[in-house]
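Okay, structure first, notes after.
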Amino acid sequence: MPKGQHYGRTQTRAYTSEYHSIKANLFKSLLTKPLGNYSISSGYLSHDHKKLSLDENDNGIRYITFNINNKPHKITLKLDNRSASNKLYITCPYCQKQRQSLYAIKYAYACRECIGLHYACQSERSQERLMRRIRKLRKELWGYDWPDVNNMFENINYWPKPKYMRWNTFIERKNKISLLEQQYWPQAIEQMKATFGGDIRI
């Protein structure tokens, strides 16, 4: 079942996955480009959400402006020089807080908090979080291309040790996954019984 679904209940939350976003690293090249007008290449955004102007204030700080529905939306580009990566942030036009992503709504760009959006994982049941965690650890150990790495019905007890990995390390990591799977299945079975009814056995 897709994330954000509520098993028959009416959905009352809006999720980030339902909106198109712009990410800070999209604008990193504008830190060295000439001032002027630019456009975001996207087939999902409206004309006003794609067209922007690049300017610079008296302190040398650059900012971009979107003119959406005849209202300017000023977004400052702030470079974090505290790390070697020089991470770029963009400010929300409404709360002025530094963000990594802003979301396109009908007549604006704004951050998740100002719009009131939620992450889909916030509506996941405990077994769904466990399943996501198990799959992540499986991929870290056996790789993303390993057959049935996402198949929760496949038993990992007979999956081989990856080449060059120490046996002690392999056993420790595999046991961790097995323990999580032991926690997962009772919850998953109860949920399947509630959803489909009948006597379900794995």
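Under my numbering, the sequence shown has 120 at position 86, and the numbering climbs by one with no breaks.
We treat Cβ as the ideally placed atom computed from N, Cα and C, and that holds for glycine.
Y137 sits in a strand when the DSSP states are folded into three classes. In this structure, the CA atom of Q225 is about 52 Å from the CA atom of L88. If you check the CB distance, I109 and L136 come in under 9 Å.
When Cβ pairs closer than 8 Å are counted between the two stretches, the stretch 54–61 is seen to touch the stretch 128–146, the count reaching three or more. With contact defined as three or more Cβ pairs closer than 8 Å, the stretch 159–171 and the stretch 69–85 are not in contact. Residue environment analysis places P127 among the buried positions, since at least 16 neighbouring C-beta atoms fall within 10 angstroms of its C-beta. Under the criterion of beta carbons closer than 8 Å, Q134 and Y123 qualify as touching, at roughly 7 Å. Only buried fits T125, as 16 or more other CB atoms lie within 10 angstroms of its CB. Straight-line measurement puts the Cα of N115 at about 41 Å from the Cα of N202. In its chain, beyond the 5 residues on either side, N120 and L122 have a beta carbon closer than 6 Å to the beta carbon of L113. Residue environment: F187 is assigned as exposed (fewer than 16 neighbouring CB atoms within 10 Å of its CB, all protein chains considered).
Nearest to M199 by alpha-carbon distance, out of H81, L171 and W176, is W176. For I98 against L64, the beta-carbon gap comes to about 7 Å, under 8 Å, which counts as contact.
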